[in-house]
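According to the working numbering, the residues represented by the sequence shown are 8 to 162, in order. Ideal Cβ positions, reconstructed from N, Cα and C, are used throughout, including at glycine. Working notes, structure below.
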Amino acid sequence: MSHVDDLRLRHAVSVPIPLRWSDMDAFGHVNNTAFLRFFEDARFSAFPAAGVEVGGQVSTRAMLAVRHEVEYRSPLIYGRHRLTIDIWATRLGTSSVDVAYQAVAQHDDEADVAAVARSRMVLVDVSSGRPQPMTEEERAQFTPHLGEQVRFRGW
């Protein structure tokens, strides 16, 4: 496994994510597709104003994913590991935000990186589908969590 590197900075939000038996595949580890759900769950926990109003009502504006990149570093095993997603923003645009993730697998006293990823999210008007500039209030939820880009190996 890849040991936790220096990405755990003070600006990241750490979100525990429960693993489910159904996350596993025939190879006995958590399937790669489950990671996108883990990242989405962490994003809504860390940045709750990103498209959902109080009470779970969808707002007229929503943050939509337009790109994901994931680097899988080591297997995540249901029943052995506890998972925490460290999440932070790396870039704020006019209507978009880049978000970075570090999936940390914990077993006993060891913590290792199972995957790192980044996403680009764009704020859109739900009815038109067109990008919309973020308000100062919307930008404020990301500003305290701005940090470095995630580092992919070999790119």
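Taking only the alpha-carbon atoms, compute the straight-line gap between residue i and residue j and give it to the nearest angstrom.
i    : j    : result
D119 : Q113 : 7 Å
A33  : V104 : 35 Å
R27  : R80  : 20 Å
G161 : M141 : 34 Å
F149 : R87  : 33 Å
N39  : P82  : 9 Å
E144 : G35  : 44 Å
D115 : R137 : 47 Å
H18  : H75  : 21 Å
M8   : V111 : Confidence at M8 is low in this model, with a pLDDT of 44, below 50, so its placement is unreliable and no value can be given for it.
F46  : R125 : 9 Å
L90  : P151 : 24 Å
I24  : F51  : 12 Å
G154 : D30  : 30 Å
Could you check whether residue j and residue i sit closer than 7 Å to each other, using their CB atoms as the reference points?
i    : j    : result
I92  : V157 : no
A49  : I84  : no
V123 : Q139 : no
V77  : A53  : no
V37  : V129 : no
Which residues does DSSP list as the beta-bridge partners of residue i?
i    : result
A91  : It is worth fixing the name first, because residue 91 is Thr in this sequence and not Ala. BP columns for T91 point to P23 and V111.
H18  : Answer is none; H18 lacks a bridge partner.
R125 : E76 and A107
A53  : The partner list for A53 (beta bridge, DSSP) is empty, contrary to what the question assumes.
P140 : According to DSSP, P140 bridges with nothing at all.
L130 : M70
A96  : V106 and L153
Residue i by DSSP, collapsed to three states: which one?
i    : result
E117 : strand
T101 : coil
A69  : strand
D48  : helix
Q33  : The sequence shown places Ala at residue 33, not Gln. Residue state, collapsed to three classes: coil.
P82  : coil
P151 : helix
F159 : coil
Count Cβ pairs between the stretch 65-72 and the stretch 95-102 that sit closer than 8 Å; are there 3 or more? no
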